[in-house]
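full-length UniProt numbering applies: residue 1 is where the sequence shown begins, and numbers increase by one. Below you'll find the structure, written out as structure tokens, and then a few comments.
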Amino acid sequence: MAGPKRAAYAEESAEVEVLYAKLGKIKSLNKKIQSSMNRLETSGKTVEDAIGPIYGNTQRLQTTNSNIDRVISAIDKIREPLDMRNKEERVLRSNPEQVGLDVYVASVERTNQALHELKRSNLKSNQQAITELNSLLKTGSQQLENVFREMLRDCVQPVEPLHYITKGLDFPRLPEQKTSQLGALNAHVSSSFAEMTGSDARGTPIARTYADVRGQYLTASLQNMAAACIATARKVNSDALYKRGDNAIGTYASGIKAMYIAEFDSICPVFAREEWGQVLLMTCQSSLNAFSSTLRDLNRHIQEHLTKDCFLAYEIIEVVSSISLELENRTGELKLALGDALKPVRETAKSSLSSLLADVRTQVQGITQLSADGAALPLTAEIMARLQNMTTFLAPLTSILISLGDGGWSTPGAAASSRSVPTLKSFDVGADGQILFQHYATEMIDTLLNNLELKSKMLHKDQASQGVFMVNNIAIIERMIRSSELQQVLGGLQSGLEERRRKSIKLYTASWTEVTKCLLDVQHTSRGPRPQSTGQSTDSHAFVKALSSKERDQTKENFRMFTVKFDEMVAKHKTYRMEREVRHALGADVQKLVEPLWSRYWDRYHEIDKGRGKYVKYDKAQVTAILTSLA
């Protein structure tokens with residue numbers, strides 16, 4: 001056993017020896033490797049120190065090369081518009097018809113874009129190029145403006161508005177194809193204008209071109225209607241009252257409204273929405289100036305014939321206010337412009353109200369003679385005709401009356417003061433214009449009747465003539481109220497007129513008191529009773545028998561005086577010129593006054609004559625017939 005163990009130990013020992021030998025070699029190898037690493041490290045530092053500057057220079061060269069490439073690219077971009085300018089100049093300096101409108105418009109767009117790019121570069125070196133492109137773009141825009149103008153001129157043949165108004169036709173508008181082309185041209189020119197000026201595109205030269213060309217078309221189309229207004233203002237009979245429609249102003253205003261609306265419809269497809277109002281105002285300005293001039297001419301005519309033609313002022317206010325509102329609703333414009341044109345006429349209309357009242361006083365006070373037959377003055381019918389005519393212009397009149405305030409028309413300077421110093425009344429937005437007109441009309445009628453009454457007292461010799469005169473004038477006033485729209489407006493005036501009528505009738509019937517005095521007998525209660533009237537029949541013989549001798553003589557004288565006075569009053573009554581209703585009313589009142597007294601007196605005392613007709617000329621039936629004929 002010992003032998004094998006020693007052999008095993010010897011083998012293991014040999015292996016250990018081998019391992020120790022290998023370990024020694026490894027240590028020696030590690031030392032060599034470490035020595036080599038040290039040498040390599042030293043060599044690497046040497047290489048790094050040598051190569052480092054070369055690498056840094058290479059990086060800087062790469063950055064410089066990249067920058068150079070970018071500069072070259074920028075130069076190419078800068079040169080690109082400059083190179084393009086030479087190409088586009090040949091197109092833009094040519095006539096658009098020669099090169100074709102589409103080609104020309106495309107060239108303008110490219111030039112506009114190039115100018116935009118140059119301005120964005122913000123390089124001082126580009127300023128010369130920007131100036132040149134600006135000039136070139138301006139040339140192109142002007143050429144497009146000329147094309148725009150020529151397209152418009154194809155559609156500016158003046159029209160006759162009356163033809164379209166009377167036949168109810170729509171006024172002509174620019175054709176759809178034309179507005180499409182004009183809109184495209186406007187877009188290009190507006191864009192170029194904004195780029196060149198750096199400002200808002202509104203109010204561009206092309207807008208002014210449109211306004212100039214189409215404005216001339218509007219003015220030329222409406223000029224005949226303006227002339228017609230001036231011509232129809234001159235009446236054949238200068239004393240005739242102006243009636244609604246006598247002047248062509250209504251047709252003129254209708255033509256303006258229709259043509260302006262048609263023009264607005266043509267403007268909308270051509271211009272941007274924010275430009276519509278301004279372009280419309282510019283386009284209509286020339287024709288508006290002509291309209292204002294026409295209104296000033298009409299206003300001068302109205303002022304020269306104020307009492308007859310003030311109604312023309314009311315109609316002008318009505319029609320112009322109406323079209324102003326419609327145009328404002330449709331276009332959003334022109335209300336202020338039309339309002340300014342209307343101002344002179346409106347002020348004249350205001351002053352006319354006090355002038356009409358003053359004219360009533362002046363005309364009545366200027367009368368130096370009145371007819372003895374009590375006939376009504378033609379002035380009364382004339383004044384009432386004015387009021388009747390006013391009812392056809394209630395809309396404008398009520399607006400004027402509201403601006404003046406209740407009673408503001410009574411002073412001649414009311415209209416002028418209302419312009420300078422507004423009163424609380426003029427701000428009464430709740431005022432009822434119809435009630436104000438009622439007050440005005442009532443004041444005019446009262447002014448007329450008061451002045452007529454004073455004048456009658458001065459010029460008529462007796463109360464009967466005064467009464468007939470006043471009742472005649474009141475009858476005309478009442479009749480003209482009933483037969484017109486005044487009936488609805490002046491309903492509250494009836495009681496005042498009735499009171500005046502009763503007062504005037506009393507003046508006339510008072511003249512018959514001399515007749516009725518003859519029919520008043522005296523009864524002495526101290527004497528025996530006279531025969532009583534039963535109400536059915538009276539014993540005249542008994543009444544006469546009961547009279548004393550002196551009373552019989554007085555009764556005979558009463559019959560005689562009655563006959564004289566009665567015949568005299570009947571004859572005088574027939575000399576008066578009475579309106580039909582006045583004759584009936586006065587005749588009926590006289591009959592009510594005289595007939596009962598006469599019947600009673602005749603029944604009692606007619607036997608004093610014993611039927612011979614010496615003292616008693618008429619019987620009851622005859623007097624009744626005569627009195628009835630007075631009505």
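Using N, Cα and C, we set each Cβ at its ideal position, and we do this for glycine too.
Less than 8 Å between the beta carbons of residue i and residue j, yes or no?
i	j	result
G433	T398	yes
A349	A385	no
V582	L627	no
L295	A341	yes
S511	D462	yes
L493	I474	no
S540	E607	yes
E326	K257	yes
V345	N289	no
A228	A248	yes
F559	V616	yes
G339	S322	no
D154	I230	no
K614	S599	no
I'd like the list of long-range same chain contacts for residue i, defined as Cβ closer than 8 Å, with 5 residues on each side in sequence excluded.
i	result
V16	none
T516	L593, V594 and L597
N237	none
R149	T209 and V213
V189	S141, L144, E145, F148, T204, P205 and I206
L281	E333, L334 and A337
Q438	V489, L490, G492 and L493
K457	Q466
E176	P269
With a cut-off of 8 Å on the beta carbons, I'd call residue i and residue j a contact; round off their distance for me.
i	j	result
I261	R208	That belief does not hold up - the Cβ atoms of I261 and R208 are roughly 22 Å apart, past 8 Å.
V590	T513	Rounded, the Cβ-Cβ distance is 11 Å, inconsistent with contact.
N186	F271	6 Å
L357	T447	6 Å
A375	M480	Not quite, the Cβ-Cβ distance comes to about 16 Å (not below 8 Å), so this is no contact.
N472	M578	6 Å
S410	S354	7 Å
F543	Y605	6 Å
S292	T219	Their Cβ separation, rounded to whole angstroms, is 12 Å, which puts S292 and T219 out of contact at 8 Å.
L370	F469	7 Å
M444	V360	6 Å
A464	L507	7 Å
Given residue i, which residues of its chain have a CB within under 6 Å of its CB, disregarding the five upstream and five downstream residues?
i	result
F562	C518
G250	V319
A240	none
K565	E514 and V515
K265	The sequence as given places Asp at residue 265; Lys does not occur at that position. So the list reads R173, once near-sequence residues are dropped.
L377	none
P158	A220 and S221
Please report the residue range of the alpha helix (DSSP H) in which residue i lies.
i	result
M444	G433 to L459
M390	P378 to M390
G467	Q463 to R482
E557	S549 to T575
A585	R580 to Y605
S410	Here S410 belongs to no alpha helix (DSSP H), and DSSP marks it neither H nor E.
G339	K335 to Q365
R273	R273 -> no alpha helix (DSSP H), and no H or E assigned at all.
I323	L306 to T331
T628	K620 to L630
S540	S540 to A546
So, for residue i: in the same chain, excluding its five sequence neighbours on each side, which residues have a beta-carbon less than 7 Å away from its beta-carbon?
i	result
G255	P161, I165, L222 and M225
D246	T232
G24	none
R501	V471 and I474
E557	none
V429	Interpretation of V429 is limited by its pLDDT of 44, a score under 50 that renders its predicted location unreliable; no figure is taken from the coordinates.
I477	T380, M384, I445 and L497
Could you tell me whether any non-hydrogen atom of the ligand SAH is closer than 7 Å to the CB of residue i?
i	result
A621	Because no ligand of any kind appears in the structure shown, any question about the ligand SAH cannot be addressed here.
For chain D, is any of its Cβ atoms less than 8 Å away from the one on residue i?
i	result
L520	Judged by its chain identifiers, the structure shown contains no chain D, having just a single protein chain.
Threshold first: 4 residues or longer. Then list the alpha helix (DSSP H) segments lying entirely within the region 166-251, N to C.
176-197 and 205-233
At 4 residues or longer, and completely inside the region 490-516: list those alpha helix (DSSP H) runs for me, N to C.
494-509
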